[in-house]
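K.L.:
Quick one: the structure is below, questions incoming.
Structure representation (structure tokens):
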């Protein structure tokens, strides 16, 4: 069974459910979803510090919530999957701590959805799609105590691991809409500037697929 932790933002609840639907309808293996929802994780006591989402830091509890066993995937909620999620493991081994798309870009916009600030820092968006080897020593460091107290730099720039142990996924597994040139072959589509459900983001690349996925999720026949 594939464990998938997804960031849950109350203001963007529909995005969580659309993402789950996009995974369920394409997966060749059983999946279980764990919403990274601050209200349901009593061990997580940290407040919001960057004006972005409630799961900005709690995402790093994925190994803890997985019992530090096996491999788990973390995904931001402003995403749809266009492929069989099991295929991502074809690009991963058990000799690294994590696998991510190693983005190297400067955001084009200064703000995101709901007027949130677009922060610029090294390894930006590396943590929006992560495959964790939960049993790795570095991942076992990600206890609730560490995640509650460590700096954003320590967490988001993977200082709890090392450069040599951060494996690389192809860019198609975290395509940043509006930041990268259009890619019809993208496997994971990330609406990093704003999910199509928000006003002003309805016409971006892949927005039609997001709305179609939502409509299929809500269909009664």
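In the numbering used here, the protein residues as written are 31 to 251. Ideal Cβ positions, reconstructed from N, Cα and C, are used throughout, including at glycine.
1. Taking C-alpha atoms, which residue in 230, 199 and 70 lies nearest to residue 218?
2. Extract the residue ranges of the alpha helix (DSSP H) inside the stretch 49–126, only unbroken runs of 4 or more that lie entirely within it.
3. When we look at the beta-carbon of residue 107 and count the other beta-carbons within 10 Å, is it buried (16 or more) or exposed?
4. Are three or more beta carbon pairs between the stretch 50–67 and the stretch 121–135 nearer than 8 Å?
5. With a CB to CB cut of under 8 Å and the five nearest residues on each side skipped, what residues in its chain are close to residue 98?
6. Can we say the stretch 38–54 touches the stretch 63–75, given the rule of at least three CB pairs closer than 8 Å?
7. By Cβ distance below 6 Å, which residues in the same chain neighbour residue 201 in space, the five residues on each side in sequence not counted?
8. Measuring alpha carbon to alpha carbon, tell me which of 249, 208 and 247 ends up nearest residue 233.
9. Mapping the DSSP letters down to three states, classify residue 188 as helix, strand or coil.
P.N.:
Put simply:
1. Locating residue 218 in the chain shown gives position 188, counting from the first residue. Closest by alpha carbon: 199.
2. 92–95
3. Looking up residue 107 in the chain shown gives position 77. Buried, because 16 or more other Cβ atoms sit within 10 Å of the Cβ of residue 107.
4. no
5. By one-based count along the chain shown, residue 98 stands at place 68. These residues qualify, in order along the chain: 164, 165, 169 and 170.
6. yes
7. In the chain shown, the residue the question calls residue 201 occupies position 171. Once the five neighbours on either side are set aside, the close Cβ partners of residue 201 are 131.
8. Here residue 233 refers to the residue found at position 203 of the chain shown. Of the candidates 249, 208 and 247, the one whose C-alpha sits nearest the C-alpha of residue 233 is 208.
9. Locating residue 188 in the chain shown gives position 158, counting from the first residue. Correct three-state label for residue 188: coil.
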